[in-house]
Amino acid sequence: MAIIAASPMEQFKIERISDLEMFGMDVSFTNSSMMMVASVALISFFMILSMRGRSLVPNRVQSIAEMIYEYVADMVRSTLGEKGMKFFPWVFSLFSFILVLNLLGMIPGTFTSTSHIIVTFALAAMVWIVVTAVGFYNHGIGFLKMFVPAGVPWPLLLIIVPIEIISYLIRPISHSVRLFANMMAGHTLLKVFGGFVVSLGAFGIAPLLFMVAFTGLEILVAFLQALVFAVLTCIYLNDGLNMHH
């Protein structure tokens, strides 16, 4: 009997767990929502557990928590300076949330929320709104000077200013697509080679070895994509705080 492999895209299907409606809108609790709730719960549990028995000689859990904390804190401090440390809790939360979502999606049978553009776009749009609000709060109408590079002849400004404005407006798109595309592509490739392993049976050793190696790479990508999102968030925040161009 021939084995019919499931489509690699089926793993990205959003399924309702509980039907909910509010103000005429569908706000059903889905598998994607469940993974996001699980991510917040795991992060909270891990941080509470790591800080529960703080000691001068940290245990493994405390060491991991402190390492992540210091890494993100150094990134924020080096990008935004000391006055930007007030945004550290937010950046740290974003990094942790995306990282755990990515890693949870590596577990067979789970759902990868960051493989959906609506999730990553919502996060990127939040970053864009915060950066814009911070920019106008700190610099007022002078924040618009960011779109006018210093030292550029005025005839060229007719070309450069619209380009700068458009590039700023599409930041949420580029910021979100980078995360979404990498997670979706990696999981799709894993599913395809998983189908090869099943369909080839005893001859599927080569795809199986590739899957093992590629799974390790995907775990690295899961970390890197969370880091890239956090780094870009800091860079964009720097525009709102210091308005360097």
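Residue numbers (the numbering used here): 4 to 248. Note that beta-carbon positions come from the ideal geometry of N, C-alpha and C, so glycine has one too. As the structure is a computational prediction, the values presented were derived from the model and not from experiment.
Close-in-space but distant-in-sequence residues of the same chain around residue i (CB under 7 angstroms, 5 per side omitted)
| i | result |
| --- | --- |
| VAL94 | VAL75, VAL79, ALA233, THR236 and CYS237 |
| PRO175 | PHE124, ALA127, ALA128 and TRP131 |
| ALA229 | PHE98, ILE101, LEU102 and ASN105 |
| VAL200 | GLY207, PRO210, LEU211 and MET214 |
Bridge-paired residues (DSSP) for residue i
| i | result |
| --- | --- |
| ASP29 | GLU24 |
Chain-order list of residues whose beta-carbon lies under 8 angstroms from that of residue i (same chain, five-residue window excluded)
| i | result |
| --- | --- |
| MET38 | LEU104, LEU107, GLY108, THR113, PHE114, THR115 and SER116 |
| GLY219 | none |
| PHE150 | VAL164, GLU167, ILE168 and TYR171 |
Buried or exposed (CB count within 10 angstroms, at least 16 for buried), residue i
| i | result |
| --- | --- |
| VAL155 | exposed |
| TYR140 | exposed |
| PRO152 | exposed |
| PHE26 | exposed |
| ALA68 | buried |
| ILE6 | For ILE6, the predicted model reports a pLDDT of 44, less than 50, meaning its position is unreliable and no value from the coordinates is stated. |
beta-carbon residue i near the ligand MG non-hydrogen atom, thresh 8 angstroms
| i | result |
| --- | --- |
| ASN241 | Ligands are entirely absent from the displayed structure, and the ligand MG is therefore not among its contents. |
Cutoff 6 angstroms; reference residue i; Cβ partners in own chain excluding five residues on either side
| i | result |
| --- | --- |
| VAL122 | SER116 |
| Considering only residues of the stretch 160 to 200, which uninterrupted alpha helix (DSSP H) runs meet the minimum length of 4 residues and lie entirely inside it, listed in chain order? | Entirely contained in the stretch 160 to 200, not one alpha helix (DSSP H) run reaches 4 residues.
| task | With a floor of 3 residues, list each beta strand (DSSP E) that falls wholly inside the stretch 29 to 100, ordered by position along the chain. | result | Those beta strand (DSSP E) runs which fall completely within the stretch 29 to 100 and span 3+ residues do not exist here.
| Any contact of the stretch 178 to 187 with the stretch 144 to 158, i.e. 3+ C-beta pairs under 8 angstroms? | No: fewer than three Cβ pairs fall under 8 angstroms.
| message | Check whether the stretch 210 to 220 and the stretch 189 to 198 touch, using three or more Cβ-Cβ pairs below 8 angstroms as the test. | response | In short, these stretches touch, since the Cβ pair count reaches three.
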